[in-house]
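In the numbering used here, the protein residues as written are 4 to 193.
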Ligand code: AMP
């Protein structure tokens with residue numbers, strides 16, 4: 004069983020590249036952001052709690068997303084591999100994922116980070132706001148807080164994986180097809 008992680012700041016293109024990877028490699032794509040937005044749309048208790056945190060550009064509690072990921076793994080007995088998009092986002096989530104996978108006699112296969120700078124993040128998210136209707140894309144203060152949260156809480160996760168030799172960075176600022184070609188080059192060598 005393969006477990007890929009697509010890493011990077013908000014707006015780096017994780018969702019876009021993940022959709023292409025899912026297609027090409029028949030992976031089960033798990034976006035914790037998408038799962039949370041579904042909970043919000045369905046008006047569940049979890050969704051109600053997550054909504055204000057997401058709309059302020061903050062992270063939802065670790066145990067919430069860890070529980071969601073565990074559920075998806077437990078309920079999928081057929082996929083050949085998983086592609087995590089937007090998880091793990093904290094050191095605690097990375098540690099929990101290691102344990103979840105160890106309990107399944109497995110481990111993370113590869114972590115690929117899409118690198119773009121902060122100004123590009125803001126520029127891209129503002130552009131996405133014109134196309135998608137995400138509340139957390141709507142105003143600049145929220146976007147800036149998401150960038151800050153990324154640097155403070157999520158970026159340190161890179162160190163968690165660097166020592167394993169499974170961590171790779173690619174330039175995410177190119178066009179979609181060029182980034183995908185580089186991404187596939189890495190996956191095809193694994
Ligand atoms: P995304 O669609 O990945 O940009 O996620 C949108 C928002 O959902 C984030 O800004 C967080 O508020 C929340 N979220 C998604 N994934 C996680 C996670 N792994 N841990 C905590 N919060 C998350």
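Positions of the beta carbon are idealized from the N, C-alpha and C atoms, including for glycine.
Selection from the options that minimises the alpha carbon distance to residue i
i	options	result
residue 112	57, 118 and 100	100
residue 188	27, 6 and 18	27
residue 136	12, 150 and 58	58
Between the CA atoms of residue j and residue i - distance to the nearest angstrom
i	j	result
residue 161	residue 133	31 Å
residue 55	residue 40	12 Å
residue 42	residue 71	11 Å
residue 85	residue 128	26 Å
residue 50	residue 37	11 Å
residue 31	residue 77	13 Å
Integer Cβ distance of residue i from residue j, believed to fall under 8 Å
i	j	result
residue 182	residue 117	7 Å
Same chain only: Cβ atoms within 7 Å of residue i, ignoring 5 sequence neighbours per side
i	result
residue 141	132
residue 18	34 and 88
residue 96	65, 68, 69 and 90
residue 104	6, 110 and 111
residue 12	119, 124, 150 and 153
residue 75	33
With 16 other Cβ atoms within 10 Å as the buried cut-off, status of residue i
i	result
residue 179	exposed
residue 139	buried
residue 184	exposed
residue 154	exposed
residue 24	buried
Close beta carbons around residue i, own chain, < 6 Å, minus the five adjacent residues each side
i	result
residue 172	116 and 118
residue 16	117 and 175
residue 114	8, 10, 164, 169 and 170
residue 14	124, 127 and 128
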